[in-house]
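*Asks:* Here it is: the structure, laid out below.
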Amino acid sequence: MLNENKQIPKVPNLPEYQRDSMDEFFEDVKFLTSFIGCNIFEIIKTKEQQDLHLFYTTGRGYNAKGYYNASGFTVLKGSMIKKDSVPSLNWKVKRELLIKRKYIPNKVQISTK
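For the sequence shown, counting from 1, position 98 maps to 153 in the working numbering; every step adds exactly one.
Below, the structure is given as structure tokens:
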């Protein structure tokens, strides 16, 4: 995360023609990495800077909130889902795969109620 590094880098000692070439190369690298979904050069906004529209869902055994951004939907820490689901759930296979691969437990608590 670029904004967590509090050091101020020194300007490299390059001739102007090389500096222009390096700037162009870096812009190409930033474009290509963002194109493949690797946003390592994006400046991440702090929570105060983000204008988040939170989405909430509550029910019997679940209580979750999250938000959309350019990367997709993010479920916030502290959200809870039920471990079991009803047979009519359309996303049952996908949900079970996420639990099996431990994607869900890293993001939310699973309630066994």
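Heads up, the beta-carbon is just placed ideally off N, CA and C, and yes, glycines get one too.
For the 8 Å Cβ check, are there 3 or more pairs between the segment 71-91 and the segment 109-122?
*Replies:* Counting Cβ pairs under 8 Å, fewer than three are found: no touch.
*Asks:* Leaving out five residues on either side along the sequence, give the residues of the same chain with a beta carbon under 6 Å from the beta carbon of proline 78.
*Replies:* Reading off the sequence, residue 78 comes out as aspartate, not proline. So the list is empty, once near-sequence residues are dropped.
*Asks:* Under three-state DSSP, which class holds valine 141?
*Replies:* Reduced to three states, the DSSP call for valine 141 is coil.
*Asks:* For my contact list, glycine 121 and serine 140 are in at a C-beta cut-off of 8 Å; report their separation, rounded to the angstrom.
*Replies:* About 18 Å; that fails the 8 Å criterion.
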